[in-house]
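Quick note, the sequence shown lines up with residues 53 to 427 if you use the numbering used here.
Positions of the beta carbon are idealized from the N, C-alpha and C atoms, including for glycine.
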Amino acid sequence: MKILFITHDASRSGAPMMLLFLMQWLRKHVPDISFDMLYVHGGVMEPEFNGLCDEVFYIKNKVNKPLSLAGRIKRKLGFETKKVSVYEQLAKRPYHVIYANTGVSVSHGVRIKEKGTSARLIAHIHELEIILKTLVPNFNGQVRDVDHFIAVSEQVKANLLTGYQIDPNKISVVYGCALEKPVANKTDTVTKKSSFIVGASGLSYWRKGNDVFLQVARYLFKHYPELDVAFIWVGNEFRDKPVIDNDIKKMGLQHKVRFVGELEDPTETFRSFDVLLLPSREDPFPLVCIELAHLRKPIICFEGASGSAEVVKQGGGKVVPYLDIEAMAEAIVSYYNNAENLKQDGINASNLFKAFTPENICPILFEVINETLKH
Numbered sequence: 053m054k055i056l057f058i059t060h061d062a063s064r065s066g067a068p069m070m071l072l073f074l075m076q077w078l079r080k081h082v083p084d085i086s087f088d089m090l091y092v093h094g095g096v097m098e099p100e101f102n103g104l105c106d107e108v109f110y111i112k113n114k115v116n117k118p119l120s121l122a123g124r125i126k127r128k129l130g131f132e133t134k135k136v137s138v139y140e141q142l143a144k145r146p147y148h149v150i151y152a153n154t155g156v157s158v159s160h161g162v163r164i165k166e167k168g169t170s171a172r173l174i175a176h177i178h179e180l181e182i183i184l185k186t187l188v189p190n191f192n193g194q195v196r197d198v199d200h201f202i203a204v205s206e207q208v209k210a211n212l213l214t215g216y217q218i219d220p221n222k223i224s225v226v227y228g229c230a231l232e233k234p235v236a237n238k239t240d241t242v243t244k245k246s247s248f249i250v251g252a253s254g255l256s257y258w259r260k261g262n263d264v265f266l267q268v269a270r271y272l273f274k275h276y277p278e279l280d281v282a283f284i285w286v287g288n289e290f291r292d293k294p295v296i297d298n299d300i301k302k303m304g305l306q307h308k309v310r311f312v313g314e315l316e317d318p319t320e321t322f323r324s325f326d327v328l329l330l331p332s333r334e335d336p337f338p339l340v341c342i343e344l345a346h347l348r349k350p351i352i353c354f355e356g357a358s359g360s361a362e363v364v365k366q367g368g369g370k371v372v373p374y375l376d377i378e379a380m381a382e383a384i385v386s387y388y389n390n391a392e393n394l395k396q397d398g399i400n401a402s403n404l405f406k407a408f409t410p411e412n413i414c415p416i417l418f419e420v421i422n423e424t425l426k427h
């Protein structure tokens, strides 16, 4: 079997991490398989991806350069060689499957199919309604060329059904996965100033709710100033760092809230958390929930905002009304005041998410690939 994987980037974030886990599993368990990678954009994980692939390709915006004298003469005489696009190159290769790892990357798989390949196109959808509408406004015109969809949660599947009228038989729900790290006692590597740490993680922008994170912190310290609590956010602050720093300063939270940036290995910081706050407005199935659940940390999230709520509501944390900042803060206070409940919900979260590891999830993804080839 020969597969072309397409990734929208190689950042150390959910969808690329899931793809890396799958590729690592395939290399280990299906040694006769062959696969290449097409990057829409690159990123810090390129070396890890490239070490697994047979070949890699890039889609880059080329800058048009002035032709040389010889080039101008050739064009005038009609001898100029036509440039072959990366899509045409890839369409000529004997791929059995084109695996677009996000909704954002589906269009590139469609363009390869339009060049004449007989490969089956699988779309692994990690996006919900708003992201698809804003980043892929023509997604509705692309779905007809997709042979099968993988949705990372039931919520993602529901959006595909209602928003794009996709045949339910063409959608498989496969939750995400993360490497399981050993559970350790709370460390002192991050802070010794607070006895209770509220953690969050992700790229700092509107979808992940970094502004909501600050509002929750402000509410908590306004109504419960006596609590010994710190708020820590792990993740790239992107272009919003000056805005975030300014908000923290104006809200008087300089000594209570910290954005520590992207960490190559955030495990020790995650271990220091007491609870994971998920203030996202839209988050299909964030891998950080799996990582923190594996470390026995309860999760607090919004109803209707995350596929993780499908699991958390079974007892691994608290699901509060959408964007209800007060309810989210009160959930933190509840855990702060009840150590036994904190411990038990952490154990519950670990049990609920324990199956979401690469060794359990990747075989399911490979089975979907094989089944798609049969139809």
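Round the Cβ separation of residue 25 and residue 252 to the nearest angstrom and send it over; I've been treating them as touching at under 8 angstroms. Residue 25 falls outside the range modelled here, since the chain spans only 53 to 427, and no answer is possible.
Pair every Cβ in the stretch 343-352 with every Cβ in the stretch 391-402, then say whether three or more of these pairs are closer than 8 angstroms. With three or more CB-CB distances shorter than 8 angstroms, the stretch 343-352 counts as touching the stretch 391-402.
Spatial neighbours of residue 256 in its chain, beta-carbon cut-off 8 angstroms, leaving aside the 5 residues before and after: The beta carbon of residue 256 lies closer than 8 angstroms to those of 262, 285, 287, 288, 289, 290, 292, 293, 296 and 311 in the same chain, with the five residues before and after it left out.
Is the beta carbon of residue 353 less than 7 angstroms from the beta carbon of residue 364? Note that the C-beta distance between residue 353 and residue 364 is below 7 angstroms.
Boundaries (first-last residue) of the alpha helix (DSSP H) holding residue 324: From DSSP, the alpha helix (DSSP H) with residue 324 extends over 319-324.
With distances taken between CB atoms, is the gap from residue 62 to residue 101 smaller than 7 angstroms? Result yes, Cβ atoms of residue 62 and residue 101 sit closer than 7 angstroms.
Anticipated Cβ contact below 8 angstroms, residue 87 with residue 410, distance rounded: Wrong, their Cβ atoms sit about 16 angstroms apart, outside the cutoff.
Closest to residue 328 by CA distance: which of 198, 283, 159 and 80 is it? Per the Cα distances, 283.
Residue interval of the beta strand (DSSP E) (run including residue 418): Premise fails: residue 418 lies in the alpha helix (DSSP H), 410-426, not in any beta strand (DSSP E).
Out of 385, 271 and 306, point me to the one whose CA is closest to residue 326's CA. For residue 326, the nearest C-alpha among the options comes from 385.
By Cβ distance, which residues of its chain are closer than 8 angstroms to residue 181, with the 5 residues on each side in sequence left out? Excluding residues up to 5 positions away in sequence, 211, 215 and 334 lie with their Cβ nearer than 8 angstroms to the Cβ of residue 181 in the same chain.
Can you name the residues that DSSP bridges to residue 285? Residue 285 is bridged to 252 and 311.
Could you say which of 309, 162 and 259 lies nearest to residue 191 if we only look at CA atoms? Closest by alpha carbon: 162.
Cβ separation of residue 359 and residue 205, assumed to be a contact under 8 angstroms, to the nearest whole Å: That pair is a contact at about 2 angstroms.
DSSP state of residue 352 mapped onto helix, strand, coil: Note: residue 352 maps to strand in three-state DSSP.
From the DSSP secondary-structure annotation, give me the bridge partner or partners of residue 335. DSSP, once it has assigned bridges, lists 358 as partnering residue 335.
Pairwise C-alpha distance: residue 343 and residue 317: Taking the straight line joining both Cα atoms gives about 12 angstroms.
List the residues that DSSP assigns as beta-bridge partners of residue 269. Beta-bridge pairing links residue 269 to no other residue.
Is the beta carbon of residue 67 less than 7 angstroms from the beta carbon of residue 160? Going by beta carbons, residue 67 and residue 160 fall outside the 7 angstroms limit.
In angstroms, rounded to a whole number, what distance separates the CA positions of residue 420 and residue 69? For residue 420 and residue 69, the distance between alpha carbons rounds to 19 angstroms.
Hey, could you find the ends of the beta strand (DSSP E) residue 86 is sitting in? It spans 86-91 - the beta strand (DSSP E) in which residue 86 sits, taken as one unbroken run.
Can you round the beta-carbon distance between residue 172 and residue 199 to whole angstroms, since I take them to be within the 8 angstroms contact cut? Yes, residue 172 and residue 199 are in contact; Cβ-Cβ is about 4 angstroms, under 8 angstroms.
Would you identify the three-state DSSP class for residue 261, choosing helix, strand or coil? In the structure shown, residue 261 sits in coil (DSSP, three-state: anything other than H, G, I, E or B).
DSSP three-state call for residue 145: helix, strand or coil? The answer is coil: DSSP assigns residue 145 none of H, G, I, E or B.
Going by C-alpha distance, which of 151, 247, 231 and 234 is nearest residue 201? For the residues 151, 247, 231 and 234, the minimum Cα distance to residue 201 belongs to 151.
Alpha carbon to alpha carbon, how far is residue 375 from residue 303? Give it in angstroms, no decimals. If you take the alpha carbons of residue 303 and residue 375, they lie about 19 angstroms apart.
Assuming residue 138 contacts residue 109 (C-beta within less than 8 angstroms), just tell me the rounded distance between them. Contact between residue 138 and residue 109 holds: CB atoms are separated by about 6 angstroms, below the 8 angstroms threshold.
Kindly give me the distance between the Cβ atoms of residue 418 and residue 82, rounded to whole angstroms, as I take these residues to be in contact under 8 angstroms. For a cut-off of 8 angstroms, the C-beta gap from residue 418 to residue 82 is around 7 angstroms, short enough to register as a contact.
Straight-line CA distance for residue 80 to residue 234? For residue 80 and residue 234, the gap between their C-alpha atoms comes out near 22 angstroms.
Are the CB atoms of residue 361 and residue 371 within a distance shorter than 7 angstroms? When the beta-carbon positions are compared, residue 371 and residue 361 come within less than 7 angstroms of each other.
Selection from 270, 167, 176 and 147 that minimises the alpha carbon distance to residue 158: For residue 158, the nearest C-alpha among the options comes from 176.
Span separating the alpha-carbon of residue 114 from that of residue 95: With a pLDDT of only 37 at residue 114, under the threshold of 50, the placement of this residue in the model should not be trusted; the figure read from the coordinates follows. Approximately 18 angstroms, taken between the alpha carbons.
Within the same chain, show all residues whose beta-carbon is closer than 7 angstroms to that of residue 93, passing over the 5 residues directly before and after it, in chain order. Residues of the same chain with a CB within less than 7 angstroms of the CB of residue 93, apart from the 5 flanking positions on each side, are 60 and 61 in chain order.
Restricting to Cα atoms, I'd like to know which of 408, 188, 277 and 392 is closest to residue 381. Here the closest residue by C-alpha is 277.
Who are residue 370's beta bridge partners in DSSP? Beta-bridge pairing links residue 370 to 352.
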